[in-house]
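J.:
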Amino acid sequence: MISKEFVKRFKPDLEGLRKILRYYSYIDKSHILYIGDNWKDKLIASQEGLNFFEIKGVGKDG
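Residue numbers for the sequence shown follow the numbering used here, so the first one is 39 and each next one is one higher.
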């Protein structure tokens, strides 16, 4: 599982996520669940080929 909050430590979100995925390049992406709270997170997940789980009502711009 990769949460949006964890990725934000490596700002910006998409760049941070790609950095994490490069670091764990041996992991099958189909086994990774990306957790976010809006359509932007869902778009990032789909661009990277990750499963996405949306947590509704958590973010300000969701």
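For each residue, glycine too, the CB sits at the ideal point set by N, CA and C.
Starting from Ile101, follow the alpha helix (DSSP H) in both directions and report where the run begins and ends.
T.: For the chain, the structure presents residues 39 to 100; residue 101 sits outside this window and is missing.
J.: Quick check: what's the CA-CA separation for Val45 versus Ile65?
T.: Working through the sequence shown from its first residue, we reach residue 45 at position 7. Working through the sequence shown from its first residue, we reach residue 65 at position 27. Their backbone Cα atoms lie some 17 Å apart in a straight line.
J.: Ser63 by DSSP, collapsed to three states: which one?
T.: If you number the sequence shown from 1, residue 63 lands on position 25. Coil, per DSSP.
J.: In terms of alpha-carbon separation, which member of Tyr72, Ser63, Lys67 lies closest to Asp51?
T.: Indexing the sequence shown from 1 puts residue 51 at position 13. The candidate whose alpha carbon is nearest that of Asp51 is Tyr72.
J.: For the alpha helix (DSSP H) containing Lys42, name the first residue and the last one.
T.: Start at 1 with the first residue of the sequence shown, and residue 42 comes out as number 4. Start and end: 42-45.
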